[in-house]
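Protein chains in written order, with the numbering used here: chain B, 344 to 455; chain X, 290 to 400. Reading through the structure tokens given below for one structure.
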Amino acid sequence: EAQVTQNPRYLITVTGKKLTVTCSQNMNHEYMSWYRQDPGLGLRQIYYSMNVEVTDKGDVPEGYKVSRKEKRNFPLILESPSPNQTSLYFCASSLGWGSPLHFGNGTRLTVT
Amino acid sequence: QKEVEQNSGPLSVPEGAIASLNCTYSDRGSQSFFWYRQYSGKSPELIMFIYSNGDKEDGRFTAQLNKASQYVSLLIRDSQPSDSATYLCAVPIQGAQKLVFGQGTRLTINP
Chain B
344 EAQVTQNPRY
354 LITVTGKKLT
364 VTCSQNMNHE
374 YMSWYRQDPG
384 LGLRQIYYSM
394 NVEVTDKGDV
404 PEGYKVSRKE
414 KRNFPLILES
424 PSPNQTSLYF
434 CASSLGWGSP
444 LHFGNGTRLT
454 VT
Chain X
290 QKEVEQNSGP
300 LSVPEGAIAS
310 LNCTYSDRGS
320 QSFFWYRQYS
330 GKSPELIMFI
340 YSNGDKEDGR
350 FTAQLNKASQ
360 YVSLLIRDSQ
370 PSDSATYLCA
380 VPIQGAQKLV
390 FGQGTRLTIN
400 P
């Protein structure tokens, strides 16, 4: 089954404790992206990747890192999480940047 | 001006009626337009996409483009309670290599 898989689905952590949210797709998509969704602010892009080893900042990259060492994986790293990073996170992928995005199931992160 | 704008609603429509959702965009060069449906707590799901060359109908859903006025609309015919969700409009922004989402319109279908 073609899908984007994110883990974990739920995560509660404390300020400053490094964490990684994994994202993997099995559709051989070149484009991958991370979004966060907050009430009243909608979906905002954090980082995106056009292909392996090619990443770039989205609209809200502060406090996040990404890497794209393999085509299928695009992990999101929070080196020192803060409470303002409490949000619902979505990973998504597509054939190319202008093609329809396929979303993972989301990761609800709470930073206390 | 925001790149993609939607009326946040809520939009309330009786069951069986036509629901009409609108989205305006700022990039006159945009060539494709996407509509996603998102149930509460779930991920966005693509339901329709159209290109700048014309409208599209798929079952109960019709997407229409008005290039001169820079808006796209989604019509849902014979609305069902299961259509109650937030509908997100998304437009690829030329040169920025990103898909920009509107804030979404919350639709409620009343039995």
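Where is the CB? At the ideal position from N, CA and C, for every residue including glycine.
The three-state secondary structure of Pro303 (chain X), taken from DSSP, is strand.
In this structure, the beta-carbon distance from Leu363 (chain X) to Thr351 (chain X) falls below 9 Å. For the region 322-339 of chain X, the residues whose beta carbon sits under 7 Å from a beta carbon of chain B are, in order, Phe323, Ser332, Pro333, Leu335, Phe338.
Gln320 (chain X) has its alpha-carbon roughly 30 Å from the corresponding atom of Gly330 (chain X). According to the DSSP assignment, Pro381 (chain X) belongs to the beta strand (DSSP E) that extends over 374-382. Taken through DSSP and simplified to helix, strand or coil, Gln368 (chain B) comes out as strand. The Cβ of Lys345 (chain X) sits no closer than 9 Å to any Cβ of chain B.
Tyr328 (chain X) is not bridged by DSSP to any residue.
Taking all protein chains shown into account, Lys387 (chain X) has 16 or more neighbouring C-beta atoms within 10 Å of its C-beta and is therefore buried. In terms of Cβ geometry, Gly406 (chain B) and Ser425 (chain B) form a close pair [threshold 9 Å]. Per DSSP, the unbroken beta strand (DSSP E) holding Phe350 (chain X) starts and ends at 350-355. Chain order gives the chain X residues near Leu386 (chain B) as Pro333, Leu377, Phe390, where near means a beta carbon separation below 8 Å. Contact note: Pro381 (chain X) reaches chain B through Trp440, Gly441, using a C-beta cutoff of 7 Å and chain order. Counting only runs of 3+ residues, the beta strand (DSSP E) found wholly inside the region 364-438 of chain B occupies 374-381, 385-394, 397-400, 419-421, 430-437, in chain order. Only residues of its own chain outside the window of five on either side were considered, and among them Trp324, Lys345, Asp347, Phe350, Ala352, Leu363 have a CB closer than 7 Å to the CB of Met337 (chain X), listed in chain order.
Straight-line spacing of the CA atoms in Ser410 (chain B) and Leu310 (chain X) works out to 37 Å. Going by beta carbons, Val361 (chain X) and Glu292 (chain X) fall outside the 9 Å limit.
Among the residues of chain X, those whose CB is under 7 Å from the CB of Leu444 (chain B) are Leu388, following chain order.
For Val361 (chain X), the uninterrupted beta strand (DSSP E) run begins and ends at 360-365, by DSSP.
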